[in-house]
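One gets the working numbering by counting positions in the sequence shown from 1 and adding 122 to each. Inspection log for the structure reproduced underneath, given as structure tokens.
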Amino acid sequence: MSELIKLLPDHIANQIAAGEVVQRPASVVKELIENAIDAGATKINLIAKDGGKTLIQVIDNGSGMSTLDARMCFERHATSKISTADDLFHLHTKGFRGEALASIAAIAHVELKTKLETEDLGTIITNEGSKIKSQEPCSAPTGTSISVKNLFYNIPARRNFLGSNLTEYKHVLSEFMRVALVHHEVEFTFHNNGDLIYNLPIAGLRQRIVGVFGDKYNNRLVPVNEETDIFKVTGFVTKPEFARTSRDQMYLFVNNRFFKDSYFNHAVQSAFDGMIPSKKFPPYFLYFEVPTESIDVNVHPTKTEIKFENRQEIYSMLRASIKQALGQFNISSTLDFDQENAFNIPSLKKGEIVDAPVIKVNNDFNPFQTNTISQTTSYPKTNSPFSSKTTSQIKPDVTSWENFYEASKANQTTDTQLEFDSTPNENGEVLIQSKMDNSFDSNTKPPYQLHNKYIISPIKSGFIMIDQYRAHSRIIFDDLINNWSHDVVKSQQLLFPESFEISATDLVYFKEIEDKLKTVGFDLTVKDNKIINITGVPVDYENESPKLLIENVLAKFKESQQDQDVDFKTVCAKAFANAKAIKKGVKLTIEEMQHLIDALFGSSNPQTSPSGKTIIVTYSLDDITKKFN
Ligand code: ADP
Ligand code: MG
């Protein structure tokens, strides 16, 4: 019987290994930058084209390689970093498998140029699909430059599987950020398609985080420092009020290696218990140092999973140190999420004379009338391209919205979970008593505003609570969508153009919508790939913060990425409505509340805000009666 088992040729073995090591261009970026760091580089330049699909190049000023090493490095299991199995437990380098360059060369066109400091000439080698195509001496600066072109050129299935240039770029960017965030002692630059995305000089940790995420982070960071025998943590968490709806800025590093660990994420999250709303996540940048032998990084080739010997102890220490950091900075004690009505009283300096406060009240103010429009709480004006109607004009034909409401409510479940303010105040009593009278006509009972946030309005079967902000968002949203489909969108030039900086990640999204923003009335330019200069805004929005409008549009655009069907104007209308709607905390007159209720019930969907949140909660008499049992 003939033997069936054969050893695979090297280039096939390399291709198989590449399947694990190189998932996408970002994996190449990670491996090349890590090699540069292991080589002791203090300056690393990353250049990418088309999100790394066409080119990834990493240039470093590290040790460089000898001619022989330059050839050897493409062999599988060729590494200068470990030589015994024991070394695996005393790793001080990022790499150790000796797999990366061999795998990359198996599936791309690679050019390596490298020179040792002690040599006059360097070596240039080209390798295509694991085959050395050329090798020559060359002049080169000390260090190494590796360019990787046409990734997966010989594995069409993998190449087709890659995402769009933008998707791949986002992955490259996040890999770059992970390394940049931990190696602040290294200078980094990053160019994508010729644009300078990052230029990060050597800096302290705090400056590096700020360099990566933008100046606004400087005031957000709270330092964390704790050291015990088995574990040391340094770094920063952000103040609770900067918690985000996404988990994208939760960074954990151990011995300078980025890793993911939901158990430790939970430790951090739980230190914020009671300080941040559920489903919000505080950004953090935490750097663990543990004895090298107490972790195993050899779990997976991409190495973002790490086994810890002292998991539980670290969990408790981590949690405690963050609690302490938040406490030390007086964050936990001063927190109050309901500050809208709170006064901020600054402390008096000695000898300072303070004038009695003057409160200016515009008694004629009515955000729902066009002639007395307030800038922050107004509905779109008439003659606006966004709104050809005022709220009173869009008031529905429904003479009694309650009937309309009762009908629409029929197939809707009642939410009795929400608690209402049952403090025995005068209004509260009146309100509940009036519900007991089943025969009242709600049209004659004025609505009542609770905590300047919710409008309570009696209906025959109980009462409803309306979230004023969401209700107004719905009305503005409908108005915008309606008007955008009819009118030409106009732009209003700003007297004082406004500039602001955006993060590299946001810039990616921004570039995608830059032209579209012009179609809804923005006039803007981008400077230095990070400053947005706004010279014109949509008519009627000149008194909103242009920065807030753009940020809102970007946030909504990001959310809409999951959903291919959403068009840009819908995204913008949501963002504009969020920016312009009357905020919680704004006091409304009875007339304003009535207008709001009328307009809401004339809108396309009174129950749900443009972002899909509940606008109205119903309390039936039955619910109320049960509470008194
Ligand atoms: P590993 O990093 O796991 O050792 P790699 O395949 O990434 O494996 O690299 C193989 C070897 O090539 C490294 O051990 C190192 O000696 C050498 N090498 C790779 N990149 C560089 C670089 N930028 N500068 C100097 N040496 C390098
Ligand atoms: Mg390596």
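For each residue, glycine too, the CB sits at the ideal point set by N, CA and C. A quick note: this is a predicted structure, and the numbers were derived from the prediction, not measured.
| Query | Result |
| --- | --- |
| At least 3 beta-carbon pairs within less than 8 Å: the stretch 639 to 656 vs the stretch 583 to 601 | no |
| Start-to-end residues for the beta strand (DSSP E) that takes in K255 | 253 to 260 |
| T189 versus I247, K633, N727, residue with shortest Cα-Cα distance | I247 |
| Contact between the stretch 145 to 164 and the stretch 237 to 245 (3+ Cβ pairs under 8 Å) | no |
| Cut-off 6 Å between Cβ atoms - residues of its own chain near Q434, not counting five sequence neighbours on either side | none |
| Close Cβ partners of C121 (< 7 Å) along its chain, the five nearest in sequence each way excluded | Examination of residue 121 is not possible in this model, given that the chain is present from 123 through 751 alone. |
| Test item: CB-CB of Q729 and I719 under 8 Å | no |
| 8 Å Cβ cutoff met for L295 and A626 | yes |
| Length at least 4, wholly inside the stretch 607 to 658: the alpha helix (DSSP H) runs in chain order | 626 to 641 |
| Whole runs of the alpha helix (DSSP H) within the stretch 259 to 304, excluding any shorter than 4 residues | 278 to 283, 287 to 304 |
| Cβ-based burial, C195 [other Cβ within 10 Å; buried from 16] | buried |
| A170 (DSSP reduced to helix, strand or coil) | strand |
| Reduced DSSP category for V344 - H, G, I as helix; E, B as strand; rest coil | strand |
| Backbone CA spacing between S733 and Y437 [nearest angstrom] | 36 Å |
| Span separating the alpha-carbon of I417 from that of E431 | 6 Å |
| Minimum length 4: unbroken alpha helix (DSSP H) runs contained in the stretch 305 to 388 | 327 to 335 |
| For G186, the residue or residues it bridges with in DSSP | DSSP lists no partner for G186. |
| Cβ contact check for the stretch 156 to 169 and the stretch 277 to 290: 3 or more pairs under 8 Å | no |
| Collapsed DSSP secondary structure at P660 in the structure displayed | strand |
| Runs of alpha helix (DSSP H) lying entirely within the stretch 214 to 241, each at least 4 residues, in chain order | 222 to 228 |
| Exposure label - P399; buried when at least 16 CB within 10 Å | exposed |
| Closer than 7 Å: A222 CB and nearest the ligand MG heavy atom | yes |
| Proximity test, N157 beta-carbon vs the ligand MG heavy atom, cut-off 7 Å | yes |
| Where D395 falls, given that 16 or more other Cβ within 10 Å makes a residue buried | exposed |
| CB-CB length for F380 against I166, believed under 8 Å | In fact, because the Cβ distance is near 16 Å, the residues do not count as touching under 8 Å. |
| Selected residue, minimal CA-CA separation from K696, among A593, L617, K749, V144 | A593 |
| Extent of the continuous alpha helix (DSSP H) to which S682 belongs | 668 to 682 |
| Simplified DSSP state of F394, which is helix, strand or coil | coil |
| Among K638, L448, F403, the one whose alpha carbon lies nearest that of R366 | F403 |
| Cα-Cα separation, I331 to T176 | 29 Å |
| Whole-angstrom distance between N314 and N655, CA atom to CA atom | 22 Å |
| Euclidean distance between Cα positions of A701 and T201 | 55 Å |
| C-alpha distance - E258 paired with F644, whole-angstrom precision | 55 Å |
| N157 - DSSP class collapsed to helix/strand/coil | helix |
| Spatial neighbours of A393 in its chain, beta-carbon cut-off 6 Å, leaving aside the 5 residues before and after | R441, I444, K445 |
| S202 beta carbon near the ligand ADP (any heavy atom closer than 7 Å) | yes |
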